[in-house]
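Start counting at 1 in the sequence shown, then tack on 116, and there's your number in my numbering.
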Amino acid sequence: MAKQTAPVKKNETITLSFEDLTHEGNGVGKVNGYPLFVPYALPGEEATVKVIKVNKNFGFGKLIDVKNPSPERVEPPCNVFYKCGGCQIQHMSYDMQLEMKQNQVKSVMRKVAHLDHVPVHSTIGMEDPWRYRNKVQIPVGEKDGELITGFYQKRSHHIIEDQETCVIQDELNDRAVEAVRRLATRLGISAYDEKTDRGTLRHIMVRTGRETKDTMIVIVTRTDKLPHKEELVKELTETYPHVKSIIHNINNKRTNVVLGNKTNVLWGDEYIYDTIGDIRFAISAKSFYQVNPPQTKTLYDKALEYADITSDDVVIDAYCGIGTISLFLAEKAKQVYGVEIVPEAISDAKNNAKLNGITNVDFVVGEAEKVMPWWKAQGLRPDVIIVDPPRKGCDEELLKAMTDMQPKRIVYVSCNPSTLARDLRVLEDGGYETKEVQPVDMFPQTNHVECVVRVELKS
């Protein structure tokens, strides 16, 4: 039998019509049934494309020239959008972004979970899908004796130098990064060089409370000492009154991880504060805190609606983090139990409960899949379980622990539709029924989508 070959060759330039989008937001066009995936191409467009990679069943292309632009194509406001890997879909209208994310969820519900009948609602978007991120961590480099800051170019550790601003970051964060960079240059503080493992300043991290506008600046160095720290602190605090905390973090390892283990408060408080709804949160340099609080409130409101909690209900919050969902649940429930593997997060969760005067929560450090069977053995019978796992989804043992406990309802909050769909299939086979899925746009201009799912015990 003759070996089948692709109908296109590498480096060939072709004209291609696009009919669909991948989950990453790449355009999909076909040559004699052979799919080519092309970044920045949109359905309905015809374009000149250079073939850059050819596999057996599909290939990749580079967009050279769009002949008839889609009405959904927009001019990206970011001057480095096509270099930076942070956003993937600024070239799409916001309506198209929301529709793409809904379709992404529908697709995995059908193909992975085999749940064609379950309604996937329209994605809940933002009124203003820009400047929403409350945290930035940005690498520092050096060029011609000046410090430079900027995100890495796609698939590289090369800093994009001409990045004047980031249009999805809070403007206060932008200004604080620029201030630290300018000051450090003037004071002669050197940038860290990952090739030689020499130099001082590695990253600048800034967090700003969306509601409070309190700002924390975290200066990450390779060295135990931060040169000229008094001058840095004096100028930053005198110039920027909204800065409430300046932190020095030491990371002396050869690693891609931004923060090291050792953290010192140079000035101000260890925490800044922010609110989501009427709950107040203390946020440290290392706290996990959602980067888009307005959409977090939208997400949690939907989770609460699906949980349908009464004042007699006992609730478990698996992967509870710093207690963000738990504290919202505790306002309605009889008792909430939160479990999280990161000790610092549980410490933050307990502090946040105290901060808000909430006493009907109990936070435990441990792996949810091990703690929950122990709780069951102690006689704990939850009415509702909320689960908000990392991108890899739930551990098989955790899914079993959840179904063994037989809660009336499970609310699954997910940041990865594929692992969500996989886990829903397991829950379905374990006696539960998926009722509805609500996508929420937590990260506009990117291809990521969050979902809240209502799951009920079959009667």
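Cβ coordinates follow ideal geometry from the N, Cα and C atoms, glycine included.
From the DSSP output, in three-state form, read off residue i for me.
{"i": "F267", "result": "coil"}
{"i": "S133", "result": "strand"}
{"i": "F197", "result": "coil"}
{"i": "F153", "result": "strand"}
{"i": "M576", "result": "There is simply no residue 576 to check, as the chain begins at 117 and stops at 575 in what is shown."}
{"i": "V542", "result": "helix"}
{"i": "Y248", "result": "coil"}
{"i": "D278", "result": "coil"}
{"i": "T475", "result": "coil"}
{"i": "D557", "result": "coil"}
{"i": "A398", "result": "strand"}
{"i": "I305", "result": "coil"}
{"i": "P192", "result": "coil"}
{"i": "M242", "result": "coil"}
{"i": "E310", "result": "coil"}
{"i": "A434", "result": "strand"}
So residue i and residue j are supposed to be a Cβ contact under 8 Å. How far apart are they, rounded?
{"i": "I462", "j": "L443", "result": "In fact, because the Cβ distance is near 13 Å, the residues do not count as touching under 8 Å."}
{"i": "V481", "j": "E456", "result": "7 Å"}
{"i": "V529", "j": "L375", "result": "That pair is no contact at about 25 Å."}
{"i": "I501", "j": "A434", "result": "7 Å"}
{"i": "L288", "j": "T328", "result": "The Cβ separation is near 11 Å, so there is no contact."}
{"i": "P159", "j": "G143", "result": "7 Å"}
{"i": "I254", "j": "V293", "result": "6 Å"}
{"i": "V147", "j": "E161", "result": "Between E161 and V147 the Cβ distance is about 15 Å, and since that is not below 8 Å, they are no contact."}
{"i": "N476", "j": "Q451", "result": "5 Å"}
{"i": "Y308", "j": "R297", "result": "No, Y308 and R297 are not in contact; Cβ-Cβ is about 13 Å, not under 8 Å."}
{"i": "H358", "j": "L303", "result": "At roughly 22 Å, the Cβ-Cβ gap does not stay under 8 Å, so H358 and L303 are not in contact."}
{"i": "D504", "j": "A398", "result": "So it is not a contact: roughly 20 Å between Cβ atoms."}
Identify which residue in the options has its Cα closest to the Cα of residue i.
{"i": "T412", "options": "I276, E549, C531 and E512", "result": "C531"}
{"i": "T519", "options": "V529, R541, T535 and P533", "result": "R541"}
{"i": "H364", "options": "N171, P533 and K402", "result": "K402"}
{"i": "V565", "options": "G141, A122, K270 and T131", "result": "G141"}
{"i": "N408", "options": "I425, D394, D390 and G149", "result": "D390"}
{"i": "E346", "options": "I362, Y248 and T339", "result": "I362"}
{"i": "D136", "options": "K125, I130, V154 and E128", "result": "V154"}
{"i": "F176", "options": "R370, V165 and S186", "result": "V165"}
{"i": "T535", "options": "R314, V224, G145 and Q213", "result": "V224"}
{"i": "A484", "options": "R497, P185, Q279 and C436", "result": "C436"}
{"i": "S133", "options": "L152, N127 and H139", "result": "L152"}
Would you decide whether residue i is buried or exposed? Buried here means 16 or more other CB atoms lie within 10 Å of its CB.
{"i": "A300", "result": "buried"}
{"i": "P560", "result": "buried"}
{"i": "I180", "result": "exposed"}
{"i": "T324", "result": "buried"}
{"i": "V569", "result": "buried"}
{"i": "A163", "result": "buried"}
{"i": "V373", "result": "exposed"}
{"i": "W491", "result": "buried"}
{"i": "K551", "result": "exposed"}
{"i": "N250", "result": "buried"}
{"i": "S272", "result": "exposed"}
{"i": "N468", "result": "buried"}
{"i": "Y548", "result": "buried"}
{"i": "R507", "result": "exposed"}
{"i": "P459", "result": "exposed"}
Does the distance between the C-beta of residue i and the nearest non-hydrogen atom of the ligand SAM fall short of 7 Å?
{"i": "T312", "result": "Annotation note on the ligand SAM: not contained in the displayed structure, which lists no ligands."}
### the stretch 235 to 246 contacting the stretch 549 to 569, beta-carbon criterion three pairs below 8 Å
yes
### Task
Inspect the CB distances between the stretch 347 to 360 and the stretch 379 to 399 and report whether three or more fall short of 8 Å.
yes
### Message
Pairs of beta-carbons, one from the stretch 177 to 192 and one from the stretch 203 to 210, closer than 8 Å: are there three or more?
### Response
yes
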